[in-house]
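**Q**
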Amino acid sequence: VLLAPPNCPTSSPPSRATILVRLDTGGQEGLQYQPGDHIGICPPNRPGLVEALLSRVEDPPPPGEPVAVEQLEKGSPGGPPPSWVRDPRLPPCTLRQALTFFLDITSPPSPQLLRLLSTLAEESGEQQELESLSQVQGHPGGQQGLVRQDELGGEGEAPGSRVLGLKTQPPSH
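In my numbering, the protein residues as written are -19 to 153.
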């Protein structure tokens, strides 16, 4: 892999940059990229952010035990009964590996995730707060209703603490 300097801004003022990456596939037939193809290169999440999230997980699986994301596949009358099917987007891995390498913990949670979390909240105040956050106009770009950076400890706070911010807000009573 050869990285070129980020010299191709994609917006003005540049908030993102394009980095030229040349891949040497070593002649492997399964890796056939053509000019113009797009791939994603995702860096791991910062260890401190992963640790902070892991410290807030209630009843986590043992550290070395793999977990898998499964979805309940609906059955049909006269057909197979409902069954749990592994989600192919996330391979079985430890919770730490999932949070480090596979999940985006630095972006605001999607409205769909906030709605799902609202159904799992045990306190009605938290349930209402999550439901209202899921319906905020302009979410996630405007981030209205999400915890602001200064509410999380100022400029020294890690970028991407927005997920943590939702978890660290004091319960509303």
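Even for Gly, the Cβ is constructed at its ideal location relative to N, Cα and C.
(1) Hey, quick one: how far does the beta strand (DSSP E) through Q51 stretch, first residue to last?
(2) Taking the C-alpha atoms as reference points, what is the distance between E106 and S98?
(3) Tell me, to the nearest whole angstrom, how far the beta carbon of F81 is from that of P24; I am working on the premise that it is less than 8 Å.
(4) Can you list, in chain order, the residues of its chain with a C-beta nearer than 8 Å to that of E50? Leave out the 5 residues immediately preceding and following it.
(5) For the beta strand (DSSP E) containing V65, name the first residue and the last one.
(6) Which residues bound the alpha helix (DSSP H) around V116?
(7) On the three-state DSSP scale, how would you describe T(-2)?
(8) Are L75 and P40 close, meaning C-beta to C-beta below 8 Å?
(9) Taking only three categories from DSSP, how would you classify V47?
(10) Please return the same chain residues whose Cβ sits closer than 8 Å to the Cβ of E45, not counting the five positions on each side in sequence.
(11) So is G133 buried or exposed if we call it buried at 16+ other beta carbons inside 10 Å?
(12) Should P15 be labelled buried (16 or more other beta-carbon atoms within 10 Å of its own) or exposed?
(13) DSSP beta-bridge partners for C22?
(14) Output yes or no for whether 8 Å exceeds the beta carbon distance between P62 and L70.
**A** Judging by the given coordinates:
(1) Taking the first residue of the sequence shown as 1, we reach residue 51 at position 71. First-last of the beta strand (DSSP E) with Q51: 50 to 53.
(2) For this step, residue 106 is matched to residue 126 along the sequence shown. For this step, residue 98 is matched to residue 118 along the sequence shown. Going by the C-alpha atoms only, they are around 7 Å apart.
(3) Along the sequence shown, read from residue 1 onward, the residue named residue 81 stands at position 101. Along the sequence shown, read from residue 1 onward, the residue named residue 24 stands at position 44. Their Cβ separation, rounded to whole angstroms, is 5 Å, which keeps F81 and P24 in contact under 8 Å.
(4) For the purposes of this step, residue 50 is taken as residue 70 along the sequence shown, with counting starting at 1. For E50, where only same-chain residues beyond five positions count, the Cβ hits under 8 Å are W64, V65, R66, D67.
(5) Mapped onto the sequence shown, residue 65 falls at position 85. Taken as a continuous stretch (DSSP letters only), the beta strand (DSSP E) holding V65 covers 63 to 66.
(6) Along the sequence shown, one-based indexing puts residue 116 at 136. Looking at the DSSP string, V116 is not in any alpha helix (DSSP H), and its letter there is neither H nor E.
(7) Position 18 of the sequence shown holds residue -2. DSSP places T(-2) in strand when its eight states are reduced to three.
(8) Counted from its first residue, the sequence shown places residue 75 at position 95. Counted from its first residue, the sequence shown places residue 40 at position 60. The answer is yes: Cβ separation under 8 Å.
(9) In the sequence shown, residue 47 corresponds to position 67, counting from 1. Here V47 sits in strand by DSSP.
(10) By one-based count along the sequence shown, residue 45 stands at place 65. Correct list, in chain order: T74.
(11) On the sequence shown, residue 133 is found 153 positions in, with the first residue counted as 1. Interpretation of G133 is limited by its pLDDT of 38, a score under 50 that renders its predicted location unreliable; no figure is taken from the coordinates.
(12) For the purposes of this step, residue 15 is taken as the residue at position 35 of the sequence shown. P15 comes out exposed.
(13) The count along the sequence shown starts at 1 and reaches residue 22 at position 42. Paired residues: none, contrary to the question.
(14) The residue given as residue 62 occupies position 82 in the sequence shown. The residue given as residue 70 occupies position 90 in the sequence shown. No, the Cβ-Cβ distance between P62 and L70 is not below 8 Å.
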